[in-house]
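*Asks:* Take this structure, written in structure tokens, and hold onto it; I'll ask about it next.
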Amino acid sequence: MASTFRLQIIAPDRIFYDDEVEMVAVSTQDGGLGVLARHIPLVAPLVIGRVKIKKGGQSKEAAISEGFIQVKRGYTRVITDSAEWPEEIDVERAEAAKKRAEELLRSRKSHVDIMRAEAALQRAIIRLRVANRL
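As structure tokens, this is what we get:
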């Protein structure tokens, strides 16, 4: 049996996940990060992406927003602005958000508007990929 550790994923509206797992993988500002039991302690900023959880030989994914990952002895905590399982994602809403973000990027308004549109586009793309299990 693989070694496990406690994983908590916390969003503003709920404790999204809290269980023993074999592995968690996230996207940080420096690239992908996989955490197994007995990983060295660290804190890293997260970017919009997927969180992949492996437990009992099974894998599942969720869409997460920006946040932080904290790895300590025996547990890992992900604190994020939002987290959604595939079945929780409103695909029509995500597609509409993607379309709005693409239109904003084409309009080339201010630098701040472009940054917000890029973040919204990234969130919509991740949500659609997770919802469609791509």
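Throughout, our numbering is defined as the position within the sequence shown, counted from one, plus 17. The beta carbon of each residue, even a glycine, is placed where N, CA and C say it ideally should be. All values reported here derive from a predicted model rather than from experimental measurement.
CB-CB under 7 Å to ALA134, same chain, minus the five flanking residues each way: which ones, in chain order?
*Replies:* Cβ within range, chain order: ALA118, LEU121 and LEU122.
*Asks:* Go through its chain and collect everything with a Cβ distance to VAL95's Cβ below 6 Å, but skip five positions before and after it.
*Replies:* ILE26 and ILE86
*Asks:* If contact is defined by three or more beta carbon pairs under 8 Å, each pair taking one atom from either stretch, is the segment 93 to 107 in contact with the segment 60 to 80?
*Replies:* yes
*Asks:* Quick check on the DSSP output: the beta strand (DSSP E) that includes GLU83 runs from which residue to which?
*Replies:* Note, GLU83: premise wrong, no beta strand (DSSP E); not H, not E.
*Asks:* Which runs of the alpha helix (DSSP H) at least 4 residues long sit entirely within the segment 87 to 125? Give them in chain order.
*Replies:* 108 to 124, all fully within the segment 87 to 125.
*Asks:* Taking a contact to mean a Cβ-Cβ separation below 9 Å, would you say ALA28 touches VAL68 in this structure?
*Replies:* no
*Asks:* Answer yes or no: do ARG144 and ILE106 have a C-beta to C-beta separation smaller than 9 Å?
*Replies:* yes
*Asks:* Since VAL108 contacts LYS71 with CB under 8 Å, what's their CB separation in whole angstroms?
*Replies:* That pair is no contact at about 25 Å.
*Asks:* Tell me whether VAL64 sits in a helix, a strand or coil according to DSSP, three-state version.
*Replies:* coil
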